[in-house]
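This report refers to the structure that appears directly beneath it.
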Amino acid sequence: MKLLNTLIASALISISALAGAAETRFDSFYFFQPESVLQEKGVNVESLGRYTRAVQTQIYKSLKNAKLPASAGYLVIAIRSDEEVATWLDMKPVVHEYYDNQIYEVVKNLQPPKINKGIFVFAIKMAIDTPVHTKKSIPNPSGWDDARKKLADPNSIEHLVLSLWPE
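With mature numbering (1 follows the signal peptide of the UniProt record, and there is no 0) applied, the sequence shown covers -21 to -1, 1 to 146.
Given below as structure tokens:
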């Protein structure tokens, strides 16, 4: 009986240790600009594919030991022609600022694909500790609505992200 109790306790400890790790999943992409604009910017599908796989892998690795509440939404990535990168999260519930910054640093440290001119903006559906991705069709991170109101052209995604670009 003592051995059985020990085995059960060991199994429960192992299960609880596994439950504490954040499981990050990614799904579909959202492109803020039409295909014609992406072609004009010189977005290469193969290099974008390699980049997004690296982004997903590195974020997964960086969060795998974190203990986070279940959250789903979008990771928005903007890449400038000078290879600078910015990110915004549109997650519900909101991811703690520490992990938001951690994700930003992970993405910033990866070599982005080359962009000929301007800014290329896209998003990836992301879910943390839940198999259910957001049903929201268009990403809209916190602060974007207020920033749009201040722009001459509120429909320009390039002007929007440039106005919010972290220094």
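Yeah, the Cβ is synthetic: ideal placement off N, Cα and C, and Gly gets one too.
Minimum C-alpha distance to residue i - residue among the options
i      : options                        : result
Leu47  : Tyr9, Tyr39 and Asp108         : Asp108
Glu25  : Glu137, Glu19, Gln37 and Lys93 : Lys93
Asn80  : Phe8, Asp6 and Leu68           : Leu68
Pro145 : Met70, Lys87 and Thr113        : Lys87
Lys40  : Ile82, Leu27, Glu63 and Val22  : Ile82
Met70  : Asn95, Lys115 and Leu89        : Lys115
Ala33  : Asn95, Leu89 and Asp124        : Leu89
Thr113 : Glu14, Asn23, Ala49 and Ser15  : Ala49
Proximity of residue i and residue j at Cβ, strictly below 8 Å
i      : j      : result
Pro118 : Tyr30  : no
Arg45  : Val111 : First, the residue type needs correcting, since residue 45 is Ala and not Arg in the sequence shown. Not a contact, by the Cβ cut-off of 8 Å.
Leu54  : Ile103 : yes
Ile38  : Val73  : no
Own chain residues within Cβ distance below 8 Å of residue i, not counting five before or after
i      : result
Phe97  : Before going further, note that residue 97 is Gly rather than Phe in the sequence given. Hits under 8 Å: Lys20, Arg59, Ser60 and Glu137.
Ser135 : none
Asn95  : Glu19, Lys20, Gly21 and Ser60
Beta-carbon separation (whole angstroms), residue i vs residue j, contact threshold 8 Å
i      : j      : result
Thr36  : Met105 : Not confirmed; about 13 Å, so no contact.
Pro120 : Arg127 : That pair is no contact at about 12 Å.
Tyr78  : Leu42  : 7 Å
Leu17  : Phe10  : 7 Å
Residues near residue i by beta carbon distance below 7 Å, same chain, minus five either side
i        : result
Val140   : Ala57, Ala65, Ile98 and Val100
Phe5     : Gln35, Ile103, Lys104 and Met105
Leu27    : Pro92
Ala(-11) : For Ala(-11), the predicted model reports a pLDDT of 37, less than 50, meaning its position is unreliable and no value from the coordinates is stated.
Own chain partners of residue i with C-beta closer than 6 Å, once the 5 adjacent residues on each side are dropped
i       : result
Ala131  : none
Gln12   : none
Ser(-8) : Note on Ser(-8): pLDDT 37, under 50, position unreliable in the model; no value is reported.
Checklist entry - Which ranges would you report for the alpha helix (DSSP H) in the region 62 to 107 if only whole runs of at least 4 residues count? => result Look at the region 62 to 107 and you find these whole runs of alpha helix (DSSP H), each 4 residues long or longer: 76 to 87.
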